[in-house]
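These notes concern the structure reproduced below.
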Amino acid sequence: MKQTGILLAISSLPSPWGIGDLGKAAYEWIDSLSEAGVNLWQILPMNPLGYGNSPYQPYSSFAGDEIYLSLERLQAEGLLEGLPVLSENSAARVDYDGVRKQKEQWLRKAFAAFVPNKEYEEFCRREWLWPYCAFRAFKHANGGVCWLEWPEAHKNWKAGESYPTPEAEKEANYHAFLQFQFSKQWQEVLDYAHEKGVRIMGDVPFYVGIDSADVWAEQEAFLLDEKGYPQFVAGVPPDYFSATGQRWGNPIYNWDYLQKTGFDFWKRRIGYCQRMMDLIRIDHFRAFDTYWKIPASCPTAIEGAWLEAPGYEVLDTLFRDIPGLELVAEDLGDLRPEVLTLRDHYGLKGMKVFEFVFDFSGRYARDTGEEKENQILYTGTHDNATLKEWYHSLTIAQKRKLRRWLARKGAANGDVLRRIVHTVLADCAEIVILPLQDVMSLPASARMNTPGTVGSPNWEWRISDFAAARAALMALKPEIQKRGRL
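By the numbering used here, the letter at position 481 of the sequence shown is numbered 1420, and the numbering carries on one by one without gaps.
This is the structure we're talking about:
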């Protein structure tokens, strides 16, 4: 069955607190998707935001960021009194520091009122929980600096040991409470989506950040020196877009260790995600085949080497041990053929992005034989210019060629952005996903992220007019019906 998806980060939803959360708007958004005939919601990672507020540099692969907790739902549980009734915050950008400061005081009040119960005690048996909670407690005690700069008592702490101070233990318990609440609130959102016929696709970065509970608690799984610093870091080499490549800084996996442990780290990581969502998109999937290994001493990504990863062994293990696993391969960019062979060996859907595959020679994927059903076609992703920004960046000649091509595809009249969206929906790809920004024809100011840049305004865009967003979705419904994507 063909499907239609919308890409929208939870942070972009409206709420009185200045950031989208797991409260009322999330349910209203799912209602809007269902009413418009959309059956897939793609979100960005929900893990605790780290460097630059990027969801791709989180403090944990397992935990959820407490910034997304709905205070109103905590109030409904009887954990908060005196919560103010705020008018809708229509700010077009998320002020992460301001939101955290405002919400934290209420989250700590809810923790003070919480009485552990049997459900909480069962949740606390999760293997990843206490290393993460200790990580956050020690990070709090050290002013937020990276764990590499902690005192030895914190840096070398192991799960099961007593906490260095009562304050650290209390802080760890606070974070356990937050994760318990996050798990409950998200599960209820997921269940509601399923009731409405909407599946949710999540996004998992291939690498994890150095300043994370993942690396701190399981240093053997990464190529680190005796002090814990990365010996090598991840990235991609120089290409058409960057003369110095991209140096991401994530530590490289110790594949020998991971093989010896039966890829347990990957099983736990993907297994957790599989319980939290219906489909999982693996960002930078190509690293299962070959990965760019950069010496940590190199300030750019120029120096490095492509090395082979045991991708077949990892994926064999994941599909054998995780029932019902559905993976999507982010296979964009310059790839060697072996990456596509790996993807196709497991029948995984790959990705095509309209902004990338239209070549202005009057051809497109369908005409060059590259189009196929077992893939996901996007107008753009969270890393792309919005469709409107992309179109306005074209030359007059390029715009003319695009309009002629659209006319040949049967989309000759009306707004050119709407015509692009409708033509993409007519593609034979099993799944078409549209960023909400493209559905609403929003300009460059609505772009979610610009690769190679850090900090504001990345990851800050949010819906400032929910009624307009819902109206744009409903305007898309006739085209979704016409293309049999309900």
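We treat Cβ as the ideally placed atom computed from N, Cα and C, and that holds for glycine. Please read these numbers as outputs of a predicted model, since none were measured by experiment.
Residue from the options with nearest C-alpha to residue i
i, options, result
"S1236", "R1186, W1096, G1201", "R1186"
"W1245", "T1256, D1255, A1226, I1261", "A1226"
"D1142", "G1394, F1224, T943, W1231", "F1224"
"A1156", "E1265, F1074, A1015", "F1074"
"T1325", "Y966, S1009, V1378, P1055", "V1378"
"G1319", "R1343, E1269, T1334, K1338", "E1269"
"I945", "P955, L1025, W968, A1336", "W968"
"Q1118", "V1038, Q1170, P1144, F1001", "F1001"
"S1122", "N986, R1039, R1347", "N986"
"A1350", "K1340, R1339, T1362", "T1362"
"P984", "G991, Y990, Q996, N978", "Q996"
"H1133", "S993, W1089, V1084, W980", "W980"
"V1355", "C1367, A1368, K1340", "K1340"
"L1364", "S1395, Y1330, K1291", "K1291"
"F1297", "Y1251, W1344, K1311, L1264", "W1344"
"P1234", "Q1314, V1175, N978, I1139", "V1175"
"K1348", "K1135, D1366, P1070, T1334", "D1366"
"S1029", "A1080, A965, L952, E1061", "L952"
Bridge-paired residues (DSSP) for residue i
i, result
"P1190", "V1172"
"F1161", "Y1192"
"D915", "Outside the displayed range of the chain (940 to 1425) lies residue 915, so it cannot be described from this structure."
"Y911", "Since the first and last residues shown for the chain are 940 and 1425, residue 911 lies out of range."
"K1232", "A1173, A1244"
"I1372", "G944, Y1317"
"W1400", "R1032"
"I1139", "W980"
"V1360", "Looking at the DSSP assignment, V1360 forms no beta bridge with any residue, so it has no partner."
Rounded Cβ spacing between residue i and residue j (contact assumed at less than 8 Å)
i, j, result
"G976", "K1421", "Their Cβ separation, rounded to whole angstroms, is 10 Å, which puts G976 and K1421 out of contact at 8 Å."
"A1383", "E1294", "Actually they do not touch by this definition, with Cβ atoms about 13 Å apart."
"Y1196", "E1159", "5 Å"
"A1076", "A1049", "About 18 Å separates the two Cβ atoms, so there is no contact after all."
"W956", "V1038", "6 Å"
"L1375", "V1128", "Incorrect: roughly 17 Å between the Cβ atoms, too far for contact."
Exposure of residue i, with buried meaning 16 or more beta-carbon neighbours within 10 Å
i, result
"M1413", "exposed"
"H1284", "exposed"
"K1288", "buried"
"G1201", "exposed"
"G1308", "The predicted position of G1308 is uncertain, since its pLDDT is 47 and thus under 50; no value can be drawn from it."
"K1097", "exposed"
"G1184", "buried"
"L988", "buried"
"V1024", "exposed"
"P994", "buried"
"E1027", "exposed"
"T1389", "exposed"
Cutoff 9 Å: residue i Cβ touching any chain C Cβ
i, result
"P1396", "In summary, chain C is missing from the structure at hand, where a single protein chain is found."
Heavy atom of the ligand SAM within 8 Å of residue i beta-carbon
i, result
"Y1230", "Looking for the ligand SAM in the displayed structure turns up nothing, as the structure carries no ligands at all."
Every unbroken alpha helix (DSSP H) within the region 971 to 1046, with a cutoff of 4 residues, ordered by chain: For the region 971 to 1046, whole alpha helix (DSSP H) runs of length 4 or above, ordered along the chain, are 1010 to 1015.
Segments of 3+ residues assigned as beta strand (DSSP E) that fall wholly inside the region 1271 to 1352: Counting whole runs of 3 or more residues, the region 1271 to 1352 contains the beta strand (DSSP E) stretches 1289 to 1292, 1314 to 1317.
Whole runs of the alpha helix (DSSP H) within the region 1058 to 1136, excluding any shorter than 4 residues: For the region 1058 to 1136, whole alpha helix (DSSP H) runs of length 4 or above, ordered along the chain, are 1068 to 1080, 1091 to 1094, 1105 to 1134.
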